[in-house]
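Using the numbering used here, read the sequence shown as starting at 2 and increasing by one per residue. Below is one structure, written out as structure tokens, with a few remarks after it.
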Amino acid sequence: MPGYLIVDGYNIINSWEDLKTLGEESMESAREKLIDYLMDFAILWDKITIVFDAHQVPGGVETRETFHSLEVIYTREKETADNVIEKITHNFKGRNNINILVATSDRVQQEIVFGRGAHRISARELKILLESIKIDVREKYTDNIFLLDRNSLDSHLGEDVRDKLNKMRHARGKLKT
2 MPGYLIVDGY NIINSWEDLK TLGEESMESA REKLIDYLMD FAILWDKITI VFDAHQVPGG
62 VETRETFHSL EVIYTREKET ADNVIEKITH NFKGRNNINI LVATSDRVQQ EIVFGRGAHR
122 ISARELKILL ESIKIDVREK YTDNIFLLDR NSLDSHLGED VRDKLNKMRH ARGKLKT
């Protein structure tokens, strides 16, 4: 799924029940959990950017943190996440070779980014997509473990060869002590 995923951070937090509940106790914890969750999927996209509003923070300046291909942006005072997302999508407008996906349930924002050539996905659809990816990876990983077990060297050795190798391993261990 190469491309660029842009996430409206607080929109997702307020849309996903587990993050919303956590955010009622500690918004910082909810932000960290969303960042950690998306970090698990960072390998699937060329870049992921999560944008959090800080527009109501007096004197706030834009800050950016980068964790490999995941970037977190906190907006400056009087600038919303929507403003930043619109700037990002505007910068990529007309570049047909870049697949941009914006995750937000804000209908107005969805229409704006769609008009700039980006794809849009709601918070609910993002959750479903990421959960399905998790299931696919888990199934493929589990299948590969079973394949490894069936194709292990040990399964192709005769009992006599296994015994000789075990004796050699135990003898080698005695020499070291």
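C-beta: ideal position from N, C-alpha, C; glycine also. Bear in mind the structure is a predicted one, so any value in this text is a computation, not a measurement.
Quick one: using the 10 Å Cβ neighbour count with 16 as the cut-off for buried, is D107 buried or exposed?
buried
Taking Cβ to Cβ, would you say I87 is nearer than 9 Å to Q111?
At residue 87 the sequence reads Glu, which differs from the Ile that was named. Their beta carbons are not under 9 Å apart, which means E87 does not touch Q111 by this criterion.
Give me, in chain order, the residues of the same chain whose beta-carbon lies closer than 6 Å to that of K48; leave out the 5 immediate sequence neighbours on both sides.
Y5 and S70
As a quick exercise: from E66, V62 and V58, pick the residue whose alpha carbon is nearest that of E33.
E66
Per DSSP, what are the beta-bridge partners of T50 in this structure?
I7 and E72
With DSSP collapsed to three states, give me the class of T105.
coil
Assign K166 to one of two classes, buried (16 or more other C-beta atoms within 10 Å of its C-beta) or exposed (fewer than that).
The residue you asked about is not Lys; residue 166 is Leu in the sequence shown. When all chains shown are included, L166 counts as exposed.
Specify whether the region 19 to 26 and the region 113 to 133 touch according to this definition: at least 3 beta carbon pairs, one from each stretch, less than 8 Å apart.
no
Start-to-end residues for the beta strand (DSSP E) that takes in I86:
That residue, I86, is in no beta strand (DSSP E); its alpha helix (DSSP H) goes A82 to F93.
Using three-state DSSP, classify E66 as helix, strand or coil.
strand
Considering only the beta carbon of each residue, do T64 and I74 sit closer than 9 Å?
yes
Below 8 Å, is the gap between the Cβ of I14 and the nearest heavy atom of the ligand MN?
Here there are no bound small molecules, and the ligand MN is not part of this structure.
Please state if the CB of L131 and the CB of Y38 are separated by a distance shorter than 9 Å.
yes
By alpha-carbon positions, which one of I134, R170 and V162 ends up nearest to D41?
I134
I need the boundaries of the beta strand (DSSP E) containing R77, first residue and last residue.
Where R77 is concerned, there is no enclosing beta strand (DSSP E), given that its DSSP letter is neither H nor E.
Around the Cβ of S79, are there at least 16 other Cβ atoms within 10 angstroms (buried) or fewer (exposed)?
The amino acid at residue 79 is misidentified as Ser; the sequence shows Lys. Exposed, because fewer than 16 other Cβ atoms sit within 10 Å of the Cβ of K79.
Do you know offhand how far I14's Cα is from N92's?
26 Å
Need the endpoints of the beta strand (DSSP E) that R121 sits in, please.
H120 to I122
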